[in-house]
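Step one of this worksheet: look at the structure below.
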């Protein structure tokens, strides 16, 4: 029985890795385009860090273990605790607010299902040190841009926007005890997928009812004052049309304190593509009160987004175009005469030194095989080195045009050909 | 006591992350430039995979544990076993040889010392399915290019080249038992750092002596036939001058079968920067003989390379230049009149949609503070939105030149300014 990946983990064969790199590159460009700078934390952290943030319950979902040095550690299930730790540690070092993003793997020990894996990649975008709703708006604008960059439009996705404060207000009016707030929010969070009778029963046990909750939800629309500042800011950017106010969104995680939102697809019924919100108490909690900084952020995973891209023709076409530009060889050096292999290697080196992606046959091969190899690697040009050396032949593998060129004129001629071709020349 | 990273793990604050990204980008460009395609495996694999490759001893150096589902797993200490597993699984899917590279984290539970961490990044470059020395030469050429791309020259590093076959031959002549070959190679591997008397004693116990070994080493030079094909191939590319034949290099790992090499720095006495060689039996071993493919590869870590870059002024200057180009904001939108914040957000969105890196003050700030912010983010231009709107002011933050421009002409004017400026415009 050959070795296999462990459950919930993936191999990225070259075609999978190219899609992953495309997603990373688009995320990185979007975040940097909005003034965020990249950071990264370790994949392994003290288990206590996650326990302190999320309670003992979280341990069931962790890849946690004790090291040979008796440290209790876990593969990170999310990056926010590391971010809060890092921000608190260097809070005097940077001017506020911090606009930081991160891209890297996270790990959850949970049942495998569509859109969920045990090793996945996450894109985290956070603003730390700014309490104003302007920060929430900036974050939502960045989330929208980070989806539009894949060719997704307002027909493909929307941002469902809510605010935990709405529910705090509802709870106080309905007389729900403060210590049962978490329990109450769990019911609201699961409401959409649960049977109405079950939800009503749970709500009654908390001193309210499904009717009361539904009436409250219906009473909150996009004109509610809690959304006014965010709405103004997003409307000024032409982005409010991506947002649907939906008080039913509360997000599962306990630590949110204000605005919460999710990006979800409008056509395929996938899981949420991204989610986030304001978490003003976390930095203080994780630094034992040493550092108090308001914060908000969102995370987007690669798994659901990857599915959405595959389901959306325009988005998939953009992937294919990107792969053509980034995955192709520029030049394949064909050794037409083995007596000229030495010279062919010199040509190859010259092309590589100039910054072109260039390859050649490692061992003697028939011409036909070499051209197959060149086409398999999607090379744009072949440079044929044969008995006529120092005269070479350049062949455009798309158009089949070919032309002779002296070896010492090769580089200049190729540069012209690339400049004239559809894709940009890789030489800086 | 605030939370800290666990021992041997790093936080990448933005300035550290930028250096990491620079290294990754240079590696990626070098490998792709030599016709390699990127893959990635999972960070967690079955512990048996590593045990089968390296023997039970390896377990002491692993972050290994048992999951809640009773799987024995380890954080990967290296990527080659995953690569061999993946190559065997899809061997019919791709034409040979595979030229594959990978960049990602690895984990070793070992004592912390200079140049060694418990979480580090590795760059792996491998050719699978080609037994010819042409593959070894191609690999060495790629290793050289992957160091030169950082501005390192033949005065900064060299490739120490050897071949395990030399020692197989020596052992048979010296009458060392085949089953003690591993033990013998360990002595040779440690010889450079061990006391000569201790080495001599160990060698005598194996039936030879330090004198005999030293005489053998002295007898092998770059004209030895075992290096002829590699030498021809590298000389044809002008790269032989980077190579020093040194039979003393045997590499610690048991699985090498032929050529072995290390890249080491010439000025600072650091640990090896990269190492690799031929491992023709590994794919067969890990696939229980199902798939037999010759292979060779090298790995380079980010820790020693990072130190070498910092020690080498030309290399550090290249990092600084790259950071200036890639880490800077293009435009900072200054809100000179709060009554025009709405319009400023529209301008901001227009700039971001056009692909520029643009930022703005989230909350009302004095002009001076805004310009400080812009300069802190190394913005190249400020666009000032004030009472004169729709007339804007563009200010070049390097030269302090400023000019008025109507809002509807901003994009075109900025595009001209970027085209004329030192760094390339980010718009495609």
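Residue numbers (this note's numbering), protein chains in the order written: chain A, 212 to 639; chain B, 212 to 639.
Note that CB positions come from ideal geometry on N, CA and C, so glycine has one too.
With a threshold of 8 Å between beta carbons, residue 279 of chain B makes contact with chain A.
Considering only B:518, B:507, B:574, B:506, the residue with the shortest C-alpha distance to residue 345 of chain A is B:574. Nearest neighbour of residue 436 of chain B by Cα position, chosen from B:376, B:415, B:319, B:465, turns out to be B:376. In this structure, the beta-carbon distance from residue 330 of chain A to residue 459 of chain A does not fall below 8 Å. The beta-carbon distance between residue 489 of chain A and residue 347 of chain A, rounded to whole angstroms, is 6 Å. This is short enough to meet the 8 Å contact definition. Using a CB distance cut-off of 8 Å, residue 596 of chain B does not count as an interface residue toward chain A. Residue-level contact check: residue 570 of chain A touches chain B, since one or more beta carbons of chain B fall below 8 Å from its beta carbon.
At a beta-carbon threshold of 7 Å, none of the residues of chain A lie near residue 265 of chain B; the nearest stands roughly 14 Å away.
Note that the segment 231 to 243 of chain A does not touch the segment 270 to 279 of chain A; fewer than 3 beta-carbon pairs, one per stretch, sit closer than 8 Å. For the 8 Å CB-CB criterion, residue 362 of chain A and residue 474 of chain A do not form a contact. In this structure residue 289 of chain B touches residue 510 of chain B by the C-beta definition: roughly 7 Å separates them, less than 8 Å. Put simply, the backbone Cα of residue 217 of chain B is about 18 Å away from that of residue 316 of chain A. If you draw a 10 Å sphere on the C-beta of residue 253 of chain B, you find 16 or more other C-beta atoms in it, and that means buried. Only those residues of the segment 494 to 505 of chain B whose C-beta falls short of 9 Å from the nearest C-beta of chain A are listed: 497, 498, 499, 501, 502.
Within the same chain, Cβ atoms closer than 6 Å to the Cβ of residue 512 of chain B are found at 331, 333, the five residues on either side in sequence being excluded.
Counting only runs of 4 or more residues that sit fully inside the segment 367 to 449 of chain B, the alpha helix (DSSP H) segments are 375 to 385, 392 to 401, 407 to 416, 421 to 430, 439 to 447, in chain order. Taking residue 453 of chain B as the centre and dropping the five residues before and after it, the same chain places the C-beta of 355, 365, 369, 370 closer than 7 Å to its C-beta, in chain order. As the crow flies, the alpha-carbon of residue 372 of chain A is around 11 Å from that of residue 469 of chain A. For residue 217 of chain B, there is no enclosing alpha helix (DSSP H), as DSSP gives it neither H nor E. Using beta-carbon distances, residue 322 of chain B does not count as an interface residue toward chain A, since no partner is under 8 Å.
In this structure the segment 295 to 306 of chain B does not lie against the segment 527 to 545 of chain B, because fewer than three pairs of beta carbons, one per stretch, are closer than 8 Å. Within chain B, the residues 563, 568, 569, 570 have their CB atoms less than 9 Å from the CB of residue 245 of chain A, given in chain order. Per DSSP, the continuous alpha helix (DSSP H) segment holding residue 240 of chain A begins and ends at 225 to 244. In this structure, residue 448 of chain B sits near residue 560 of chain A, with a CB-CB distance shorter than 8 Å. Secondary structure at residue 614 of chain A: strand, using DSSP grouped into helix, strand and coil. The beta carbon of residue 228 of chain A falls within 8 Å of a beta carbon belonging to chain B, placing the residue at that interface. The Cβ of residue 255 of chain B sits closer than 8 Å to at least one Cβ of chain A. Assigned with DSSP and collapsed to three states, residue 499 of chain B falls in coil, not helix or strand. The C-beta separation of residue 357 of chain B from residue 444 of chain B comes to about 17 Å, leaving the pair out of contact by the 8 Å criterion. Going by DSSP, residue 256 of chain B is part of the beta strand (DSSP E) stretching over 255 to 257. Residue 250 of chain A reaches chain B at 223, 224, 225, 228, counting residues in chain order whose Cβ is nearer than 7 Å. Unbroken alpha helix (DSSP H) stretches of 4 residues or longer found wholly inside the segment 562 to 597 of chain B: 578 to 587, given in chain order. About 4 Å separates the beta carbons of residue 588 of chain A and residue 540 of chain A, which is inside the 8 Å limit, making them a contact pair. Annotated three-state conformation of residue 488 of chain B is strand, per DSSP. Leaving aside the five residues that flank residue 259 of chain A on each side, the residues in its chain whose CB is nearer than 8 Å to its CB run, in chain order, 283.
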